[in-house]
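Report on the following structure.
In UniProt numbering, the protein residues as written are 1 to 920.
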């Protein structure tokens, strides 16, 4: 059942002797919102949530658009909406007229279309990976300023090649202690702009003017258009609603609804006239598209049927004289996968009609007529049949070459009416998710009714802990609200709602788990199912270029200690992430660790879920944070310190921070092992003692060396540092020989980092190699299978727990391996011990006063690993809260900085919140 507000009644016996129900407080603005939907429901979205996690909302006066981030607040351990960032607009503004009507994100979430009441469209693209710096890439100068040019339907085409094949996790079935995932890959239906990474959209106006807006290979926007019908021929005849949906790879369906109440279906063919280039660089040639529209069929009297099904047993409103049903929403959904039957469902048209009670039926309060509105959902399946358009009477003609039966039949679309569904209140928005197999109806009483597309049944808790599907099935639901909102957008995984109040402020509603389902009986069994359900949603988002922050936001805090490790285990397992690189064969392909983005995105989730405050993490989270940073530094150094290319002085200067960070990070690991070797004397083989010490110190260093993935990253880091030393030495000599003072200074600064560090690279590489060899021998001695070894590595990595099978390695590391390391002449244990690593932020501030004071006075750029100067503008990661300087153009320094500025080291996006280092 959808969550609805109860219609409480108050007795008035003291006054009249009879009970009289007091009506609900009216929803402010509902009449105006419904009238807006009646006039133009398909293009009147005042708020929308992009797949990349950003929110765009039109201000209440209709003159501006504000942009928001869905951002994590580490101090509060809560997800919230950022402060609004105004979008720079060039549309003309009329003070007394709501002007901007519709906002729509592109499928990838990097472009935003803004549509005004005259049908003029501007398109804005995110610049330098932050929405605060969106730039207009298509203006309205060529658009007509005419009421009949108003847009009634708009559709973004999927982007090629990113969305041509999407993986979806539909469900998971328990298989003993493990889970088997039901996953399928499907092509995103419909035509796409054939130029790689370029966008396109189609829209249709009130007058039936069909427009295709598209990017050329030079990123400039162009347009072609046609007329689908001549609505000017009859006064008062025009379109009010329209919707597009994929028909096949080269054409779209278009459903329209007009002022005469007719539902029409068209086929829109797009011929791109594009030839992919086969030459060097495989650059794409321009496109020169053309459009054609073919009328398919019509329902001339489109309205709800009288025998509508009543949703969920709700009583049909019984008004004596309701107004005529009026259309508020029209959606055309493409064919979709039916996972149960392994078939494809037919395309479907969904029309939502809303009935407003007449004032005459509201005897006690005629003003309540809109508050008692209700909606009816009508549906038509679109099927294709072969039809011969000639009558059989033509066979009676005396002269004919063929009979009618021998003439080739043509395919024709047919509309098949499905049973209507009546809801208890008015629908304010309709949104589809999970490849258009799930529909969410936001209702005027504040409830959100989520239904499956096939049978249109409301998704309610099934409490099936053997096979899990969605969060709603397992017991999550949106909480009830005391004050409904008129404009609501759902997050990419439909588990968080952004509701806009009348003053334009944005409030969040997150799904919550009903803890009453945990009754103490088999709770661990149930929590495993809940964790797997979250993994199903999370993994789908990861495979579809979609932010998964909303899924992480609904994980219950009160179940975190039990739930989070299970969720992470299923996230890695479901995405088939390999965390076992302990064998020599696996270590041959070292670049695979950098290429496997799914691994690092799961590690990013591990990092955020263990954050206890700003710079405060539990052991598992800290391990993940160390690896994300080590992976970033190693990756950049590996591509910049090339053995076959000389290093430019400008590049050397930009890499000094990463080199210093890498040396100090390795020193930090040695400090922790050094401390543990002293603390554990006599207990080196005691698993309980070792593990309790790690948790007490909150130190992940030992796990970082034992787990194969971070250890392999560490080996590659050392290799890059060796190459960097050669470059710094050769570069300094070359700069001195060519009398280049600036270049000489840059390489000199890098040489100082190498010379001053207490870390000797070659002995440290020997220590890592010894651990590597000991780990392999321990696994071999235990005689475990590769599958058991993979599970051991995964559990160690997620839980930051030393496995019993590797205790011989720990014992050797803390005794013979460590002794051999410190006994080497070039190793200075005392210098390692006293080296200041407080700037790294890896020690807990409540235990390390020096680190706490440093963090208060300084801000470190997480990308460049340098202190940011006071007064510079900075970016903040929306997930982990790390910061970097907002660098553009010449200030960016090395080319690699521009490359990595697109995302944080945790693979999340940036927010440019206008903050400055030092508060200036």
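Every residue, glycine too, gets a C-beta built ideally from N, C-alpha and C.
Considering residue i, what are the terminal residues of the alpha helix (DSSP H) in which it resides?
i: residue 203; result: Unbroken run through residue 203 is the beta strand (DSSP E), 200 to 205; no alpha helix (DSSP H).
i: residue 269; result: Residue 269 -> not in any alpha helix (DSSP H); beta strand (DSSP E) instead, spanning 263 to 271.
i: residue 751; result: 741 to 756
i: residue 818; result: 818 to 822
i: residue 827; result: Looking at the DSSP string, residue 827 is not in any alpha helix (DSSP H), and its letter there is neither H nor E.
i: residue 157; result: Counting along the chain, residue 157 falls outside any alpha helix (DSSP H), and DSSP gives it neither H nor E.
i: residue 810; result: 807 to 812
i: residue 295; result: It is not in any alpha helix (DSSP H) - residue 295 instead sits in the beta strand (DSSP E) that spans 290 to 299.
i: residue 772; result: 761 to 782
Per DSSP, what kind of secondary structure is residue i in: helix, strand or coil?
i: residue 572; result: helix
i: residue 475; result: coil
i: residue 79; result: strand
i: residue 280; result: In this predicted model, residue 280 has a pLDDT of only 47, less than 50, meaning its place in the structure is not dependable enough to derive any value.
i: residue 798; result: helix
i: residue 385; result: strand
i: residue 680; result: coil
i: residue 146; result: coil
i: residue 53; result: coil
i: residue 916; result: strand
i: residue 173; result: strand
i: residue 629; result: helix
i: residue 319; result: Its pLDDT being 43, under 50, residue 319 is placed unreliably in this model, and the coordinates cannot settle the point.
i: residue 442; result: strand
i: residue 909; result: coil
i: residue 248; result: strand
Could you spell out the range, first to last residue, of the beta strand (DSSP E) harbouring residue i?
i: residue 518; result: Run containing residue 518: none; DSSP gives neither H nor E here.
i: residue 182; result: 178 to 186
i: residue 124; result: 121 to 127
i: residue 509; result: 506 to 510
i: residue 71; result: 65 to 73
i: residue 835; result: Element bounds for residue 835: n/a, residue is neither H nor E.
i: residue 498; result: 496 to 500
Could you check the C-alpha separation between residue i and residue j for me, to the nearest Å?
i: residue 711; j: residue 273; result: 52 Å
i: residue 890; j: residue 733; result: At residue 890, the pLDDT of 44 sits below 50, so the modelled position is not reliable and the matter cannot be decided from this model.
i: residue 106; j: residue 68; result: 16 Å
i: residue 315; j: residue 357; result: Here the model assigns residue 315 a pLDDT of 45, short of 50, so the residue's position is not dependable and the matter cannot be decided.
i: residue 816; j: residue 707; result: 20 Å
i: residue 449; j: residue 458; result: 7 Å
i: residue 111; j: residue 255; result: 25 Å
i: residue 649; j: residue 627; result: 29 Å
i: residue 865; j: residue 638; result: 16 Å
i: residue 516; j: residue 523; result: 11 Å
i: residue 30; j: residue 370; result: 7 Å
i: residue 346; j: residue 44; result: 27 Å
i: residue 678; j: residue 671; result: 11 Å
i: residue 252; j: residue 269; result: 6 Å
i: residue 59; j: residue 49; result: 15 Å
i: residue 838; j: residue 850; result: 6 Å
i: residue 318; j: residue 376; result: Only weak support exists for where residue 318 lies, its pLDDT of 48 falling under 50; the value from the coordinates is given anyway. Taking the straight line joining both Cα atoms gives about 14 Å.
i: residue 313; j: residue 140; result: Since pLDDT at residue 313 reaches only 42, below the 50 mark, its modelled position is unreliable, and the value read off the structure follows with that caveat. Cα to Cα, the separation comes out at about 49 Å.
i: residue 580; j: residue 211; result: 52 Å
i: residue 882; j: residue 659; result: 19 Å
Could you pull the DSSP bridge partners for residue i from this structure?
i: residue 258; result: 239
i: residue 192; result: Paired residue(s): none; residue 192 is not in a bridge.
i: residue 921; result: Limits of the chain in this structure are 1 at one end and 920 at the other, which puts residue 921 out of reach.
i: residue 884; result: 875
i: residue 669; result: For residue 669, which the question treats as bridged, DSSP gives no partner whatsoever.
i: residue 326; result: 354
i: residue 48; result: 56
i: residue 136; result: 124
i: residue 222; result: 214
Please check the pair residue i and residue j, which I expect to be a contact at CB under 8 Å, by giving their CB distance rounded to whole angstroms.
i: residue 907; j: residue 600; result: 6 Å
i: residue 608; j: residue 72; result: 6 Å
i: residue 382; j: residue 435; result: That belief does not hold up - the Cβ atoms of residue 382 and residue 435 are roughly 17 Å apart, past 8 Å.
i: residue 576; j: residue 541; result: Rounded, the Cβ-Cβ distance is 16 Å, inconsistent with contact.
i: residue 619; j: residue 533; result: Actually they are not in contact, since the Cβ atoms of residue 619 and residue 533 sit about 26 Å apart, beyond 8 Å.
Between residue i and chain D, is the shortest Cβ-Cβ distance under 8 Å, so that the two count as touching?
i: residue 302; result: Of the protein chains in this structure there is only one, and it is not chain D.
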